[in-house]
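Have a look at the structure below, then the notes.
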Amino acid sequence: MNPRRTFLILIPYLWLLALFLVPFGIVFKISLSDTALAIPPYLPTLDLSTGWAGFREFLSELDFENYVWLTEDDLYWKAYLSSLQIAVFSTVLTLLVGFPIAYGMANAPDQWRPTLMMLVILPFWTSFLIRVYAWMGILSTEGFLNQFLLWTGIIAEPLTILNTNTAVYIGIVYTYLPFMILPIYATLEKLDASLLEAAEDLGCSRTSAFWLVTIPLSRPGVIAGCFLVFIPALGEFVIPSLLGGSGTLMIGKVLWEEFFSNRDWPVASAVAVVLLLLLIVPIILFQKHQEKQQEAEQ
Amino acid sequence: MSDPAPATGTGPSEFAPWKDPDAQPLIQFRNVTKRFGDFTAIDDLTVDIYAREFFALLGPSGCGKTTLMRMLGGFETPTEGTILLDGQDIGPVPPNRRAVNMMFQSYALFPHLTVRENIAFGLKRDKLPKDRIDARVEEMLRLVQLQKFASRKPHQISGGQRQRVALARSLAKAPKLLLLDEPLGALDKKLRTETQFELMEIQEKTGTTFVIVTHDQEEAMTVASRIAVMDHGRMVQVDTPDRIYETPNTTYVADFIGDVNLIEGNAAAHHEDGKVEIHWREGEPPIVGTPMGEVPDGTRCTFAIRPEKVAISKDHPEGSSNIVHGKVLDIAYLGNMSTYHVELPTGVIIKAQLANNRRIARRNITWEDEVWLSWTETAGVVLTG
Ligand SMILES: Nc1ncnc2c1ncn2[C@@H]1O[C@H](COP(=O)(O)OP(=O)(O)O)[C@@H](O)[C@H]1O
Ligand SMILES: [Mg+2]
Numbered sequence: 001m002n003p004r005r006t007f008l009i010l011i012p013y014l015w016l017l018a019l020f021l022v023p024f025g026i027v028f029k030i031s032l033s034d035t036a037l038a039i040p041p042y043l044p045t046l047d048l049s050t051g052w053a054g055f056r057e058f059l060s061e062l063d064f065e066n067y068v069w070l071t072e073d074d075l076y077w078k079a080y081l082s083s084l085q086i087a088v089f090s091t092v093l094t095l096l097v098g099f100p101i102a103y104g105m106a107n108a109p110d111q112w113r114p115t116l117m118m119l120v121i122l123p124f125w126t127s128f129l130i131r132v133y134a135w136m137g138i139l140s141t142e143g144f145l146n147q148f149l150l151w152t153g154i155i156a157e158p159l160t161i162l163n164t165n166t167a168v169y170i171g172i173v174y175t176y177l178p179f180m181i182l183p184i185y186a187t188l189e190k191l192d193a194s195l196l197e198a199a200e201d202l203g204c205s206r207t208s209a210f211w212l213v214t215i216p217l218s219r220p221g222v223i224a225g226c227f228l229v230f231i232p233a234l235g236e237f238v239i240p241s242l243l244g245g246s247g248t249l250m251i252g253k254v255l256w257e258e259f260f261s262n263r264d265w266p267v268a269s270a271v272a273v274v275l276l277l278l279l280i281v282p283i284i285l286f287q288k289h290q291e292k293q294q295e296a297e298q
Numbered sequence: 001m002s003d004p005a006p007a008t009g010t011g012p013s014e015f016a017p018w019k020d021p022d023a024q025p026l027i028q029f030r031n032v033t034k035r036f037g038d039f040t041a042i043d044d045l046t047v048d049i050y051a052r053e054f055f056a057l058l059g060p061s062g063c064g065k066t067t068l069m070r071m072l073g074g075f076e077t078p079t080e081g082t083i084l085l086d087g088q089d090i091g092p093v094p095p096n097r098r099a100v101n102m103m104f105q106s107y108a109l110f111p112h113l114t115v116r117e118n119i120a121f122g123l124k125r126d127k128l129p130k131d132r133i134d135a136r137v138e139e140m141l142r143l144v145q146l147q148k149f150a151s152r153k154p155h156q157i158s159g160g161q162r163q164r165v166a167l168a169r170s171l172a173k174a175p176k177l178l179l180l181d182e183p184l185g186a187l188d189k190k191l192r193t194e195t196q197f198e199l200m201e202i203q204e205k206t207g208t209t210f211v212i213v214t215h216d217q218e219e220a221m222t223v224a225s226r227i228a229v230m231d232h233g234r235m236v237q238v239d240t241p242d243r244i245y246e247t248p249n250t251t252y253v254a255d256f257i258g259d260v261n262l263i264e265g266n267a268a269a270h271h272e273d274g275k276v277e278i279h280w281r282e283g284e285p286p287i288v289g290t291p292m293g294e295v296p297d298g299t300r301c302t303f304a305i306r307p308e309k310v311a312i313s314k315d316h317p318e319g320s321s322n323i324v325h326g327k328v329l330d331i332a333y334l335g336n337m338s339t340y341h342v343e344l345p346t347g348v349i350i351k352a353q354l355a356n357n358r359r360i361a362r363r364n365i366t367w368e369d370e371v372w373l374s375w376t377e378t379a380g381v382v383l384t385g
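As they're listed, the protein sequences go chains E and A. UniProt numbering puts the first residue of the first sequence at 1, with every later residue one more than the last. UniProt numbering puts the first residue of the second sequence at 1, with every later residue one more than the last.
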């Protein structure tokens, strides 16, 4: 192999090392440590000046205590489970909202498509936090939504939406919708219109052609979209903190509280490592799916 | 260009329902016009197609062939006029309720289904019992010789096999009418010729009426019972392959099918047997040809003659009419035959074709040779259109 190619292959590995493996190594190390009233708030810390003996002692002080702790306090597994539930449910919701939008875009006249695409991406141009705060303004008891519904007379009492799981679902669906729409749109747009004509020619109604041809052929986009929503939603922290209530239990929030309220970095790190392990499963599945997809297209 | 031998009839017992005034056509186009915006894709078309015909639509790209097929399939509705199938107006009938199946130009195979599932797709829509579907699919697989590939996906088979799957899928429902839109366009020459014969065989076996689109005139000549030559949304001539070749009704048709010499001139001096003299150059004797229609004296007309009907020799041929003298400008060697480009003193170039039944060294005509060209009075046609 020539040096230039070696160098080119090295770049992504260095990138991975610097931005993923090293931070992960640090977090993993903290998760094996003990809390301490110190800066940083854990022990042991590695002191290279003590040499080999010091390093051995450092290693001997690391243990899996914090992981054991995670299994003892049911807060954690409940939080994982509840996160999983919220992530799955909001992924399904996002799919139900996103698919029709993507379908509409793919079937819109050619000259409209760039504009529609623009509208989908447009929200990314403002800060995510500002948009979530805007939802607080919309969903609160005196918010725009309630005012509007009261004004139309549909409801007599304001609805409590903010600080409930409903608000979290709304927030997640809103935030991650483009990640669902774009891959589905990409597959639907590629779909050869003559396939639908062929289906009709062979006796399908429009509706059955949709179910027998459009849906199966949009599957790669649907799967990609679901992963792209599910993976970040599982560890989501900002949305449940700002829109969710005290009853909203999500692992991202637990993590935040362990780090900043309890200042228990080792336990927080253990929570983070387990979350990562949980995420690795869908991420690997997603990678496999993408590879298979690419092979099929060749 | 090799020269398509004009096919003669369709077999010993002549099949020619279009000659029979009592025959009921399967498809009737009645003054059908199709416009896209202010562009007219099909222009006031009237034609009858009969059951068991192998009807070929031939014409340059953009002349409306696909549009015509799509109207038959139900994917486009005529702007004006009606299309009858078995005497019934099919205008309001949606594609899924027509006894018509289409083999798409792109094949349009379902990529997520196997070969077998693709073929079964239409049968399943009819809610037939499973064993009947299976039997029919097996029959179709055997017909197109794809049994071994039944569980492959379309992207796992070759282009030729895909085309056969598409054919099997469109035949599976035993439609009254099968539409084939440039079915062999993606195949190489050899596979194409084989498939043409396969198509004809299948058509004979199943008795289905085929309408085929092609822009390959040889293909049309080979497979069709009748050919419609199209130009700008009109059918210029609808006739059997041999008549299209031998007696084109316009220079457009003559020029479109095969190689042809076209000589313009003025008609004069009708002979008693209907032949006409064409004065085409000062100082040259007139050409005598057979007119295809009324050619009054003095009309501007075109004399069309196929290169293989022009004889070439070094010695003055016998006879008195249709003999010209010139010099060999170029020789195109085509293997089985050679085309000689002969320049007359007036500058006109006439092509003559000669079968190469002698070896090259034995042939005596070469570049720059002075030669005589001649043809009989019935060899060429006189066209006014
Ligand atoms: N849906 C359509 N909208 C506008 N113009 C069309 C449409 N379909 C076909 N045409 C036009 O009609 C003409 C005939 O097209 P087509 O039937 O596809 O030709 P062919 O198959 O003979 O090449 C072309 O000029 C094409 O641009
Ligand atoms: Mg076409």
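Ideal Cβ positions, reconstructed from N, Cα and C, are used throughout, including at glycine.
> Relative to ligand 1, what is the chain-ordered list of residues with a Cβ closer than 5 Å to any of its non-hydrogen atoms?
Replying inline: If you measure from each CB to the nearest heavy atom of ligand 1, the residues under 5 Å come out as A/F36, A/A41, A/S61, A/G62, A/C63, A/G64, A/K65, A/T66, A/T67.
> Who pairs with A/F303 in a beta bridge, going by DSSP?
Replying inline: The partner list for A/F303 (beta bridge, DSSP) reads A/I263, A/V382.
> Would the beta-carbon of A/E219 be found less than 7 Å away from any heavy atom of ligand 2?
Replying inline: No, ligand 2 has no heavy atom inside 7 Å of this Cβ.
> Quick one: what does DSSP say E/T94 is sitting in, helix, strand or coil?
Replying inline: E/T94 falls in the helix class under three-state DSSP.
> Which first and last residues belong to the alpha helix (DSSP H) in which E/Y133 is found?
Replying inline: Per DSSP, the continuous alpha helix (DSSP H) segment holding E/Y133 begins and ends at 128-139.
>> Just to make sure I have the definition right: I need the residues of chain E whose C-beta is within less than 8 Å of the C-beta of A/K173. Which are they?
In response: Here the neighbours are L202, G203.
>> Please classify A/P12 as buried or exposed, where buried requires at least 16 neighbouring CB atoms within 10 angstroms.
In response: Caution applies to A/P12, whose pLDDT of 48 falls short of 50 and renders its modelled position unreliable; the value that the coordinates give is listed next. That one is exposed.
>> For A/L354 and A/E308, I'd like the C-alpha separation in whole angstroms.
In response: Whole-angstrom Cα-Cα distance: 6 Å.
> Alpha carbon to alpha carbon, how far is E/A38 from E/D264?
Replying inline: Answer to the nearest angstrom: the Cα atoms are 11 Å apart.
>> Taking 6 Å as the limit between beta carbons, can you name the residues of its chain near A/T10, skipping five residues before and five after?
In response: Its pLDDT being 46, under 50, A/T10 is placed unreliably in this model, and the value from its coordinates should be taken loosely. The residues are S225.
>> At the level of alpha carbons, what is the spacing between A/D297 and A/G81?
In response: Answer to the nearest angstrom: the Cα atoms are 39 Å apart.
> Buried or exposed: which applies to E/S246, given that a residue is buried once 16 or more other Cβ atoms fall within 10 Å of its Cβ?
Replying inline: Burial call: exposed.
> Which stretch, first to last residue, makes up the alpha helix (DSSP H) that contains E/M250?
Replying inline: Annotation for E/M250: no alpha helix (DSSP H) segment contains it, and DSSP assigns it neither H nor E.
>> Quick check on A/I42: does DSSP put it in helix, strand or coil?
In response: In this structure, A/I42 counts as strand in the three-state DSSP scheme.
> Taking all protein chains shown into account, do 16 or more other C-beta atoms lie within 10 angstroms of the C-beta of A/W375, making it buried, or fewer, making it exposed?
Replying inline: Classification for A/W375: buried.
>> For a test of your reading of the model: does the CB of A/D231 fall under 7 Å from any non-hydrogen atom of ligand 3? Yes or no.
In response: Summarising the ligand content, the structure contains ligand 1 and ligand 2 and does not contain ligand 3.
> Given 8 Å as the limit, is there contact between the region 79-97 of chain E and the region 213-221 of chain E, that is, 3 or more CB pairs closer than that?
Replying inline: Contact between the region 79-97 of chain E and the region 213-221 of chain E is absent, because fewer than three Cβ pairs lie under 8 Å.
>> Measuring only from the beta carbon, is A/E182 closer than 7 Å to any heavy atom that is part of ligand 2?
In response: Indeed, a heavy atom of ligand 2 lies less than 7 Å from the Cβ.
>> According to DSSP, is A/Q88 part of a helix, a strand, or is it coil?
In response: Here A/Q88 sits in strand by DSSP.
> If we count the other Cβ atoms within 10 Å of its Cβ and call it buried at 16 or more, is E/P266 buried or exposed?
Replying inline: Buried.
>> Taking a contact to mean a Cβ-Cβ separation below 8 Å, would you say A/E277 touches A/V288 in this structure?
In response: Annotated as proximal: A/E277 and A/V288, with beta-carbon spacing under 8 Å.
> Could you give the distance in angstroms between the alpha-carbon of E/S140 and the alpha-carbon of A/T79?
Replying inline: Between the alpha carbons of E/S140 and A/T79 lies a gap of roughly 57 Å.
> Is the CB of A/P154 under 8 Å away from at least one CB in chain E?
Replying inline: Proximity of A/P154 to chain E, defined by a Cβ-Cβ separation below 8 Å, is not satisfied.
> Closer than 8 Å, CB to CB, is E/P216 near chain A or not?
Replying inline: At least one chain A Cβ lies under 8 Å of E/P216.
>> Using the three-state DSSP reduction, which class does E/G171 fall into: helix, strand or coil?
In response: Three-state DSSP puts E/G171 in a helix.
> Three-state secondary structure (DSSP) at A/R117?
Replying inline: Just to set this straight, residue 117 of chain A is Glu in the shown sequence, not Arg. DSSP, read as helix, strand or coil, puts A/E117 in helix.
>> DSSP three-state label for A/W280, please.
In response: A/W280 falls in the coil class under three-state DSSP.
> Using DSSP with H/G/I as helix, E/B as strand and the rest coil, what is A/A172?
Replying inline: A/A172 sits in coil when the DSSP states are folded into three classes, being neither helix nor strand.
> Of the residues that make up the region 104-129 of chain A, which ones have a beta carbon closer than 9 Å to any beta carbon in chain E?
Replying inline: For the region 104-129 of chain A, residues whose beta-carbon sits nearer than 9 Å to a beta-carbon of chain E comprise F104, Q105, S106, Y107, A108, L109, F110, P111, H112, L113, F121, G122, L123, K124, R125, D126.
> From what residue to what residue does the alpha helix (DSSP H) around E/T71 run?
Replying inline: It spans 65-72 - the alpha helix (DSSP H) in which E/T71 sits, taken as one unbroken run.
> Among residues of its own chain, excluding the 5 on either side of E/P41, which ones have a beta-carbon nearer than 7 Å to its beta-carbon?
Replying inline: Cβ neighbours of E/P41 within its own chain (closer than 7 Å, five residues either side excluded): T35, R263, W265.
> When the Cα atoms are used, what is the spatial distance from E/V168 to E/Y76?
Replying inline: One C-alpha to the other measures close to 19 Å.
>> Which residue marks the beginning of the beta strand (DSSP E) containing A/R234, and which one marks its end?
In response: From DSSP, the beta strand (DSSP E) with A/R234 extends over 234-239.
> On the three-state DSSP scale, how would you describe A/W372?
Replying inline: If DSSP states are grouped into helix, strand and coil, A/W372 belongs with the strands.
> Using a threshold of 7 Å, is the CB atom of E/Q290 nearer than that to any non-hydrogen atom of ligand 2?
Replying inline: If you check the C-beta of E/Q290 against ligand 2, you find no heavy atom less than 7 Å away.
> Could you check where the beta strand (DSSP E) with E/P240 kicks off and where it finishes?
Replying inline: Unbroken run through E/P240 is the alpha helix (DSSP H), 238-243; no beta strand (DSSP E).
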